[in-house]
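Undergrad: Just so we're aligned, residue 52 is where the sequence shown starts under the numbering used here, counting upward by one.
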Amino acid sequence: MSYVIAILLVGISTALLLRVGRVWLILLGLAAVLLALVPLGAHPLVLLQVALLGVASMWTPRSQTPVRPKARPRPQAKAKTNPKISLSNGLTGGGNVSGLEATYDILEKVGIGGMATVYKARAKKDSRIVALKIPQEKYVGDARFVRRFHREAELLAHLDHPGIVKVYDHGNHGDTHYIAMEFLDGEGLDRLIENKKLSVPNLVEVMGRVAEALQHIHAQGIIHRDIKPGNIMVLRNAVREDGSVDPRGVRLMDFGIAAGKVLTRLTITGARIGTPVYMSPEQAKGQRIDHKSDIYSFGVVFYEALTGQPPFQGAYEAVIHQQITQMPAPPKQVNPDIPQALSDLVYRMLEKDPEKRPGLEAILEVLRGKWNEDPGLSAPVYLALALETKKGTLRLMDPQGTLARMWSGVGSGRGMFPSPPLALTTDDKHGFWISLFEYGGGAVRLIHRFDLEGEITASIAPYGMKLGELLYPVSLAAVPSGLLVLDGETCTITHFDRSGNPTARFGGAGPGRGLFDAPKAIVASPDYVFVLDSGNRQIQRLTHDGQYLSRYAFRKSKESQELRLLAGVGVTPDHHLLIYDADGQKIRKLSLEGEVISSWPLPLEEGEDASAQVEMVVQDEILYAIRRGASKVHRLGLGGQALPSLEVYAPLRGIALWRNPKVHEAGTERVGARAGD
C-alpha cells in the first residue's frame, strides 16, 4: 500500500515540478516526498526506488508549455464623420441627404418606407416647411426606379386639387435624388383606422374627399395604382367638432407607381408593384388595368375603414389568390352597425369584373346622399344562391350577375351554421329555406328558414328516423301547402305544413313506381313534384301527396335498352319539364306527356364535371343553370342563344328564384289604382 501511495505522490509532485523547470526546486521537492514517506513506514527498498525515479526524471526531456502572451488591448477605431448624417441628430437609417445642405435645413426624419425616406425640412430661400422624399440608397443605382421617382414629381406638379399633395421641387445633387412636397401635419388613415378615431359619418366625408381626388386624377388620364390607408392623410383638426371634415383636410399621397390610363402592370425587380391587400384582381394577375382598378382598391380601403379589417388577410400569395378567386363577407355582416347603403356600395366596388364596379360619380352620389338609409332592392326578381364557402353561403344576385345581398356562413356566430347548405329553395312569402347535414341530438335542426335580413324565422326537422325527422336532406321544394324535403338516406319525401309540422311521408328505396334509388333532387310545380331518381336513371312525376303519375327516361340508342344518365331536373313558368341529360350534356324541354319540345347544349367550362348534378330555373325567357361544385351560373336563351355566364367565385350548391315583395306589391298597387280609375 505504501508503495502505491509513494508512486502517486512522486508522479503528481514530479508533474508539478517539471512545469517549473528548475532542478534545485525538483530536488527539494523530491527530498520532501521522501521525508513524508518515512513516517508512513515505507520499506527502504521503496524509498530507494522512489529516489531513483525522481532523479531519473530530472534528466528526461521536458515539454515546455508555451506561456500565452497577454493580448494587447484593441485600439479604438476613430469615429467616422458621415456628412450624410451630420445634418441633424437622429437621421440615420434613411436615404442619402448629402448635397442638400445649401438648399434645405433637415429638421427631422418623419418616416421610412420600403423604397424612400421622408424628412421634415426648411427651405432656406423662403423658410417654407417641406417634406423631402429621398429614395433609399439601394435603389439609386436603378435607372428605372430613378425615372419613376421623378415621374411621380412631374405628375403631381401638374395636378392642382385640394385633395392631392402638392409638389414644390424635385431634382438631384449628384446621387442624392429628392422631391420637395407639401409637409402635412396629420395622421395616416391607417393609424386612424387602427385607433378607431373616426365615426361612420367622419369616414363617409373622408372617403368623399378621396373620391373627389381620384375623380380629378382620372380626368387627367392618371391611375394611382397604390390606393391604401397609408397613402391617405387626414390633417390635424380636419375633423370638426360638428363631425364634418374640412374639404382641404384630406390628402391623397404617394403617386410613385401612378401611370397612364390603360397600362400593363409595371415591376421594379420582377415583382408586382403595389400592396397585395389593396390590389385589384386584374392588377394581381398582371393584366391591363384602367381607372376601375383604383375603384377596387378604394373599395378595399373603405371596407377596412368600416369594419376595422381588410376583406382578405394572409401571406402574400394567399392574399393574391383571394383577390382573384374569392368574394369577402359583406361589410354589414362583419359589422352589423354599418348602414346597408354603405355596405352595398362597398361590395359593388369589390366586384371582380371591372365593368360591374360603380364609377366615382355614382360613389359620390351615395356618399353625398342618404347613405344611412336602406335603399332596398330594386329588381323584381333575383337569383338566390347557396354556396360551399365559409362566408356568404347565401347570396342574392340580380339577373345580370351583380351581387345584391350576402349573409350567413360556416361558424358559430349569429346566423352561422356548422356546415354549408345542402339545398336551397324560396317560398311564396319571400323566405329562404336551406337544409344542412349535421349529426346531433334533439336540439339539432336540419331545416332553417331565413328572411331577407338573414334572421332565422323557423328551424324544423331534427336528426332521426321518425316522422318529421331527417338524416340527409338533399333537396327542398316549396309548395302552396308547405315544404317538401327529400331525404337522400331513406329515399323518402316528407311534407311539412306552413307551420313546420310534418303531415306525411312517402316514397322509399326500390325500383318500383313511387320508389327511388339514390334520389338527388326534387322540384315542384303548382300541381306536381318531380323527383330526380338518379339510381333508376329516370324522373318520376308525383302529386304533392305522393301519388305516382308517370316517369321520364331516355335510351342511349334506339337499339339499346340502356338508359342515359340524368343529372338535373327543373320546371318552366309554363309548367314544362326540364331534364339534364349528362351523357349528351344537353338540357331537354319536355311536355308533361313526354314529348321533347327543344334542347340546348349546356357549356362545359374548364374544371366542371359533365356528370355533376345540375339545377335550373327560368326567368324572362332565360334559363339559369349551375353544376354543383362549379362556380359559374350558365345562361341560355330559350330561343337557343348562349349568353355570357355569371361568375360567383365559390362552389355552388343550389339556385332558386326570389321575387322582390316591394316591387311586386308596388306593381299590384299601381294595377289596382288604374282599375279604380
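Think of the CB as a built atom: it goes at the ideal place given N, C-alpha and C, for glycine as much as any other residue.
For clarity, every value in this text was computed on a predicted model and none was experimentally measured.
What would DSSP say about Gln374, mapped onto helix, strand or coil?
TA: Reading the sequence shown from its first residue, position 323 is the one you call residue 374. Of the three classes helix, strand and coil, the one that applies to Gln374 here is helix, per DSSP.
Undergrad: In whole angstroms, give me the CA-to-CA distance for Pro379 and Pro332.
TA: On the sequence shown, position 328 is the one that residue 379 refers to. On the sequence shown, position 281 is the one that residue 332 refers to. Cα to Cα, Pro379 sits roughly 13 Å from Pro332.
Undergrad: Do Val620 and Ala590 count as a contact pair if the criterion is CB distance below 8 Å?
TA: What you label residue 590 is simply residue 539 of the sequence shown in a count that begins at 1. What you label residue 620 is simply residue 569 of the sequence shown in a count that begins at 1. Checking the displayed sequence, the identity of residue 590 turns out to be Ile instead of Ala. Cβ atoms of Ile590 and Val620: closer than 8 Å.
Undergrad: Can you tell me which residues form a DSSP beta bridge with Thr168?
TA: Position 117 of the sequence shown, counted from the first residue, corresponds to residue 168. Answer by DSSP bridge pairing, in chain order: Ile163, Ile185.
Undergrad: Near Ser601, what residues of its chain come up, given a Cβ to Cβ distance below 7 Å and the 5 sequence neighbours on each side ignored?
TA: Taking the first residue of the sequence shown as position 1, residue 601 is located at position 550. Correct list, in chain order: Arg592.
Undergrad: Run through the segment 586-668 for me and flag every whole beta strand (DSSP E) of 3 or more residues, listed as ranges in chain order.
TA: If we require 3 residues or more, the beta strand (DSSP E) runs fully inside the segment 586-668 come out as 589-594, 599-603, 617-622, 628-632, 637-641, 647-652.
Undergrad: Where does Tyr514 fall in DSSP's three states?
TA: Within the sequence shown, the letter at position 463 stands for residue 514. Tyr514 falls in the strand class under three-state DSSP.
Undergrad: Look up Gly688 in the DSSP assignment and say whether it is helix, strand or coil.
TA: One-based indexing of the sequence shown puts residue 688 at position 637. Strand, per DSSP.
Undergrad: Within its chain, find whatever has a CB closer than 6 Å to the CB of Val397; leave out the 5 residues flanking it on each side and keep chain order.
TA: As a first step, residue 397 is located in the sequence shown; it is residue number 346 there, counting from the start. Correct list, in chain order: Gly350, Phe353, Tyr354, Pro382.
Undergrad: Mind checking which residues open and close the alpha helix (DSSP H) that includes Leu254?
TA: As a first step, residue 254 is located in the sequence shown; it is residue number 203 there, counting from the start. Here the alpha helix (DSSP H) through Leu254 covers 251-270.
Undergrad: With a threshold of 16 other CB atoms inside 10 Å of the CB of His221, please say whether the residue is buried or exposed.
TA: The count along the sequence shown starts at 1 and reaches residue 221 at position 170. So His221 counts as buried.
Undergrad: DSSP three-state label for Ile346, please.
TA: Along the sequence shown, read from residue 1 onward, the residue named residue 346 stands at position 295. Ile346: helix per DSSP, three-state reduction.
Undergrad: Tyr367: which of Ala413, Met330, Leu357 sits nearest, CA to CA?
TA: Working through the sequence shown from its first residue, we reach residue 367 at position 316. Ranking the options by Cα distance to Tyr367, first place goes to Met330.
Undergrad: Cβ of Ala693 less than 8 Å from any chain D Cβ?
TA: Considering every chain present, this structure includes no chain D. It has just one protein chain.
Undergrad: With 16 other CB atoms within 10 Å as the buried threshold, where does Ser532 fall?
TA: By one-based count along the sequence shown, residue 532 stands at place 481. Exposed.
Undergrad: Alpha carbon to alpha carbon, how far is His626 from Ile244?
TA: For the purposes of this step, residue 626 is identified with residue 575 of the sequence shown, where counting begins at 1. For the purposes of this step, residue 244 is identified with residue 193 of the sequence shown, where counting begins at 1. Cα to Cα, the separation comes out at about 54 Å.
Undergrad: Report yes if the C-beta distance between Ile673 and Gly688 is below 8 Å; otherwise report no.
TA: Sequence index remark: in the sequence shown, residue 673 carries index 622 (1-based). Sequence index remark: in the sequence shown, residue 688 carries index 637 (1-based). Their beta carbons are under 8 Å apart, which means Ile673 touches Gly688 by this criterion.
Undergrad: Is it the case that the segment 258-271 contacts the segment 412-426, given that we only count it when at least three CB pairs across the two stretches are under 8 Å?
TA: Result yes; three or more Cβ-Cβ pairs closer than 8 Å.
Undergrad: Given this structure, state the Cα-to-Cα distance separating Met400 from Leu249, to the nearest angstrom.
TA: Residue mapping note: residue 400 aligns to position 349 of the sequence shown, counting from 1. Residue mapping note: residue 249 aligns to position 198 of the sequence shown, counting from 1. If I take the Cα positions, the gap works out to 21 Å.
Undergrad: Any idea what DSSP makes of Trp709, helix, strand or coil?
TA: Translated into the one-based positions of the sequence shown, residue 709 becomes position 658. The answer is strand: DSSP assigns Trp709 an E or B state.
Undergrad: Taking a contact to mean a Cβ-Cβ separation below 8 Å, would you say Glu159 touches Lys171 in this structure?
TA: Locating residue 159 in the sequence shown gives position 108, counting from the first residue. Locating residue 171 in the sequence shown gives position 120, counting from the first residue. A contact, by the Cβ cut-off of 8 Å.
Undergrad: In whole angstroms, what is the alpha-carbon distance linking Val669 and His685?
TA: Taking the sequence shown and counting its residues from 1, the one referred to as residue 669 is at position 618. Taking the sequence shown and counting its residues from 1, the one referred to as residue 685 is at position 634. Going by the C-alpha atoms only, they are around 12 Å apart.
Undergrad: Can you tell me the Cβ-Cβ gap for Val328 and Val385, rounded? I've got them flagged as a contact below 8 Å.
TA: As a working note, residue 328 is residue 277 in the sequence shown. As a working note, residue 385 is residue 334 in the sequence shown. Rounded, the Cβ-Cβ distance is 15 Å, inconsistent with contact.
Undergrad: I'd like to know whether the C-beta atoms of Arg287 and Asp241 end up nearer to each other than 8 Å.
TA: To locate residue 287, count along the sequence shown from 1; it is residue 236. To locate residue 241, count along the sequence shown from 1; it is residue 190. No, the Cβ-Cβ distance between Arg287 and Asp241 is not below 8 Å.
Undergrad: To which residues does DSSP link Thr541 through a beta bridge?
TA: In the sequence shown, the residue the question calls residue 541 occupies position 490. DSSP lists no partner for Thr541.
Undergrad: If you draw a straight line from the C-alpha of Ser348 to the C-alpha of Gly505, how long is it?
TA: Numbered from 1 along the sequence shown, position 297 holds the residue referred to as residue 348. Numbered from 1 along the sequence shown, position 454 holds the residue referred to as residue 505. Using only the alpha carbons, I get a separation of about 28 Å.
Undergrad: Taking contact to mean at least 3 C-beta pairs separated by less than 8 Å, is the segment 506-515 in contact with the segment 554-565?
TA: No, they do not touch.
Undergrad: Count the other CB atoms, across all protein chains shown, that sit within 10 Å of the CB of Arg339; report buried if there are 16 or more and exposed otherwise.
TA: The residue given as residue 339 occupies position 288 in the sequence shown. Answer is exposed; the Cβ neighbour count stays below 16.
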